[in-house]
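Worksheet for the structure shown next.
Protein chains: 2
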Amino acid sequence: MLSKKTKYAFHALTYLAESQDKGAVLIQEIASSKNISHKFLENILLELKKAGILGSKKGKGGGYYLIKKPEEITLAKVIRLLNGPIAWLPCVSLNYYEKCADCADEATCNMHLIMCQVRDQTLAVVENKTLSDLITKATDKQVLKY
Amino acid sequence: MLSKKTKYAFHALTYLAESQDKGAVLIQEIASSKNISHKFLENILLELKKAGILGSKKGKGGGYYLIKKPEEITLAKVIRLLNGPIAWLPCVSLNYYEKCADCADEATCNMHLIMCQVRDQTLAVVENKTLSDLITKATDKQVLKY
DNA sequence: GCAATACCCTACTTAGTTTGTAGGTTTTAT
DNA sequence: ATAAAACCTACAAACTAAGTAGGGTATTGC
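Protein chains in written order, with my numbering: chain S, 1 to 146; chain R, 147 to 292.
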């Protein structure tokens, strides 16, 4: 299951994507609009900034804004950042790999092979979907849900 | 990520599948063979029993045994039982469905649709793989790993 | 300049889940 | 009867997620 942190991140990102023409957006504006604790959201936006997804401007008139195009921000990147590994086992994780303690040979381990399949099937979706697939079209207004 | 409980369940099930001809197997035998705390494993086996996967025999000479053929026990069933929902969001879960608070219409929610895809891709694997895909062939001995 | 603004940073608290432990009860074979 | 083994309830410890607190620091508008 995706953590609240991850969901909040997607909420904030979609909000920012829809406000791209307005320049920097206040944390407070996103927080109250999406019903997220201001301080909690602050941490999330900071993480997204450190990951190179968001930029920020300090001082009066400051705020956060996207520094990438929505179609360049994959769901996989956001999920890995806020939620952690996508794989079900450390030994099949591409970004958080850890060797199995009780396994001699990954090439012949049945569980390993099956979990690789699960990972690849999942990645086939989330590596190819981006923020642009989440944002609502102006002409086709709808509520984002998750 | 799969919990230890889930991994332990798979370890125990593979052990039992490989011991099918020997009748009831002691908790202690599985626990020490797979390096699992006896008492913790006890709870897991009990859950598997209540789910109709295992049978048991009390008293002297008792133990646990499979009451289904390995090829009838899907990974999905075990994962749902010990690990919880397979879906990434409650609103796309087939077995643990919950409505989203902040969503009016699932049919038009972009996130909902994408998460359905992830779920279906995952299920395509784990609903079609069974315990028989995990057990080692007698002629092709290998170590199970996860 | 300077005060207001708003991001930045560290640490802490609270709540919930996972993992594991303890001890007793019931059932069965011998 | 007795020993063996599953069954059951409750609790404890460890870990993680979620949220809070308070100040520090850079920038901007006036």
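Glycine included, C-beta positions come from ideal geometry on N, C-alpha and C.
A quick note: this is a predicted structure, and the numbers were derived from the prediction, not measured.
- Spatial neighbours of S/Lys57 in its own chain (CB-CB distance under 7 Å, excluding positions within 5 residues in sequence) are listed in chain order as Ala24 and Gly63.
- Pairing R/Leu277 with R/Thr152 gives a Cβ-Cβ distance that is not under 7 Å.
- For the pair S/Glu98 and R/Leu172, the Cα-to-Cα distance works out to about 32 Å.
- Its Cα nearest to that of S/Leu13, the residue S/Lys69 stands out among S/Lys69, S/Gly59, S/Met1 and S/Ser3.
- Taking the Cα positions, S/Val92 is about 10 Å away from S/Ile114.
- Within chain R, the C-beta atoms nearer than 7 Å to that of S/Val118 come from Thr268, Val271 and Val272, in chain order.
- Within the segment 231-250 of chain R, contact with chain S at the beta-carbon level (separation under 8 Å) is assigned to Pro231, Ala233, Trp234, Leu235, Pro236, Cys237, Cys246, Asp248, Cys249 and Ala250.
- Residues of chain S with a Cβ closer than 8 Å to the Cβ of R/Phe186 do not exist, since the nearest Cβ in that chain sits about 16 Å away.
- At the C-beta level, S/Gln117 and R/Val272 stay beyond 7 Å of one another.
- For R/Leu212, no CB of chain S lies under 7 Å from its own CB, so it is not counted at the interface with that chain.
- Residue pairing by DSSP places S/Val118 in no beta bridge whatsoever.
- Note: S/Ser56 is bridge-paired with S/Tyr64 in the DSSP secondary-structure output.
- If you check the CB distance, S/Leu16 and S/Leu75 do not come in under 7 Å.
- S/Ile53 is not a Cβ neighbour of S/Tyr8, given a cutoff of 7 Å.
- In chain order, Ile260 make up the part of chain R whose C-beta sits under 7 Å from the C-beta of S/Lys129.
- For R/Glu217, the closest alpha carbon among the candidates R/Lys196, R/Arg226 and R/Ile281 is that of R/Ile281.
- Contact between S/Ile86 and S/Leu123 is confirmed by a C-beta separation of about 7 Å, below the 8 Å threshold.
- Take S/Gln28, set aside five residues on each side of it, and the residues of its chain with a beta-carbon closer than 7 Å to its own are His38, in chain order.
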